[in-house]
Each structure stands twice: as structure tokens, then as C-alpha cells.
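Terminal number for the sequence shown in my numbering: 231, no gaps in between. Virtual Cβ for every residue (Gly too), placed ideally from N, Cα, C. Shown next, in C-alpha cells, is the structure this report addresses.
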Amino acid sequence: MSERVHELLNVYDAAGVVIGSMERGEAKAKGYAAGAVQLLLVGNDGRILLQRRRDDKENGGLWDKSVGGHVQAGEDFDQALLREANEELFGRADADRIAIVADLDAPVPTGQPIRARHVRTELGLRDIRYAASSGREIINVTYHAAMYIGRTGLTLGDFAAQEEELADLDWFAPSRVDAMLVRGELAPNMGFLWFALGGPAVR
């Protein structure tokens with residue numbers, strides 16, 4: 029997720045209703061729930077696309093979900109997922125390479141080789157992560173998190189990872205993701221997402 033503390037975000041009440049907007053740093057400091065989107069992207073061969081966080085970012089150096097980000101002020105969850113996926117995987121928000129669909133088996137939309145389906149939304153999800161620092165300070169934040177499963181036939185060379193956020197992208201077999209989780213190679217907040225969506229991702 030972006031480290032821009034002055035990014036203007038939606039903030040929500042406990043029921044998931046938007047109650048206003050606030051800068052990211054202020055929202056976290058005051059304990060308001062922000063919105064987040066999380067995507068696990070599955071290739072045609074069943075492997076999972078993961079991103080490795082840059083060392084100077086939150087959860088630096090660890091492998092994380094395919095796409096993750098905050099819901100900016102005025103966005104809904106689907107809009108945020110489309111923006112974040114295009115930014116992180118193709119380098120720009122207007123790349124228009126992903127479509128949200130009701131059925132992942134639906135035909136691939138022209139020019140949009142990634143299909144994503146909303147699976148669930150967790151309200152009041154407690155998120156534990158490493159701060160963006162050279163030390164390993166642990167921070168706690170609260171999100172209303174919308175979770176998505178995606179499918180694509182793209183190869184690694186088809187992506188253009190967002191350099192200011194990501195150090196690497198790679199495909200991993202589900203069994204390897206399990207092992208990475210046990211070995212502490214995944215971002216802490218990736219654990220819940222993998223437990224929640226790992227089943228649908230490997231079907």
C-alpha cells in the first residue's frame with residue numbers, strides 16, 4: 029500500500045458507512061477505519077502472483093498480496109481496486125487492464141486481460157504490519173477490507189511493476205505460498221488474506 033501519509037482517504041463507521049474523509053496519517057493516528065482493497069491473482073497454471081515490497085516501504089522486503097491499497101476519498105471499493113491494480117501491475121492508474129466481473133469464467137474483456145471478482149468484505153479488520161523504517165517497529169491499523177480473487181493468462185513479462193512501491197513480482201505455487209507463510213517470508217497481513225482466500229484461489 030502507498031506510504032503517502034497525506035493521501036486523502038475515506039473513513040468509515042463500524043458498519044462500513046463512509047462518514048467523511050481524512051488524510052491517511054491522521055486517520056491512522058485517530059484510530060478511524062480506512063478502506064482497503066486486496067487482490068490475489070491466479071494464473072492459468074494455478075500459481076499466485078505476489079509482490080515483494082520495497083525495503084523502504086511498510087512490510088519492506090517481504091512478499092505480499094498481488095495488489096493492495098487504500099480507498100481514496102470519493103471512491104468505492106471496486107474503483108479503488110481497479111486503480112490500485114493498474115498502478116501496481118502496469119505502472120499507471122489509467123492502464124485499463126483489469127475488469128471486475130461476477131463470474132471468473134466469463135470471457136476476457138477486450139484489452140482487459142485480468143478479471144477480478146469480489147469475494148468478501150471484512151469490517152473492522154485489525155491489521156498488523158512492520159512500519160516503513162530500518163527497524164522492525166510493529167504498527168496496528170484498522171481497515172474495512174474488500175477482498176478479491178483474480179484470474180489472468182498474462183506472463184510475468186506482461187506486467188510493468190510500479191517501481192516506487194514494488195521491488196519484484198513473481199508467480200508462486202500455492203504450496204510454496206504455504207511454506208513462505210510458515211517461514212515468515214510473507215507480510216504479516218498477508219496471512220489472514222491467504223487463510224481467507226487461499227481455498228478459492230487454488231480451486
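Contact annotation: the stretch 127-137 does not touch the stretch 87-100, with fewer than three C-beta pairs closer than 8 Å. Contact annotation, residue 52 with residue 67: C-beta distance approximately 20 Å; criterion of less than 8 Å not satisfied.
Given a length threshold of 3 residues, each whole run of the beta strand (DSSP E) inside the stretch 112-161 is given here in chain order: 126-128, 142-158. In the displayed model, residue 43 falls within coil according to three-state DSSP, outside both helix and strand.
The beta-carbon distance between residue 80 and residue 196, rounded to whole angstroms, is 4 Å. This is short enough to meet the 8 Å contact definition. By the 16-neighbour rule on beta-carbons within 10 angstroms, residue 63 is buried. Rounded to whole angstroms, residue 206 and residue 189 show a C-alpha spacing of 24 Å. Residue 230 and residue 222 have their C-alpha atoms spaced approximately 11 Å apart. In the DSSP assignment, residue 178 falls within the unbroken beta strand (DSSP E) covering 166-180.
Scanning 174, 182, 115, 106 for the CA closest to the CA of residue 142 turns up 182. Judged by their CB atoms, residue 71 and residue 179 are nearer to each other than the 9 Å cut-off.
For residue 209 and residue 165, the gap between their C-alpha atoms comes out near 20 Å. The residue from 144, 127, 147 with its alpha-carbon nearest to that of residue 138 is 127. In the same chain as residue 41, and ignoring 5 residues on each side of it, the C-beta atoms closer than 6 Å to its own belong to 47, in chain order. Residues of the same chain with a CB within less than 7 Å of the CB of residue 61, apart from the 5 flanking positions on each side, are 39, 40, 152, 170, 171, 172 in chain order.
For residue 97, no alpha helix (DSSP H) encloses it; the enclosing beta strand (DSSP E) starts and ends at 95-98. Burial state of residue 58 is exposed, judged by a 10 Å Cβ sphere holding fewer than 16 other Cβ atoms.
Rounded to the nearest whole angstrom, the C-alpha separation of residue 110 and residue 185 is 20 Å.
DSSP, reduced to helix, strand and coil, places residue 211 outside both helices and strands of the structure shown, so it counts as coil.
Secondary-structure assignment with DSSP links residue 199 through a beta bridge to 77. Straight across, the Cα-Cα distance linking residue 202 with residue 214 is about 13 Å. Taking a C-beta distance under 9 Å as the contact criterion, residue 148 and residue 224 qualify as a contact pair.
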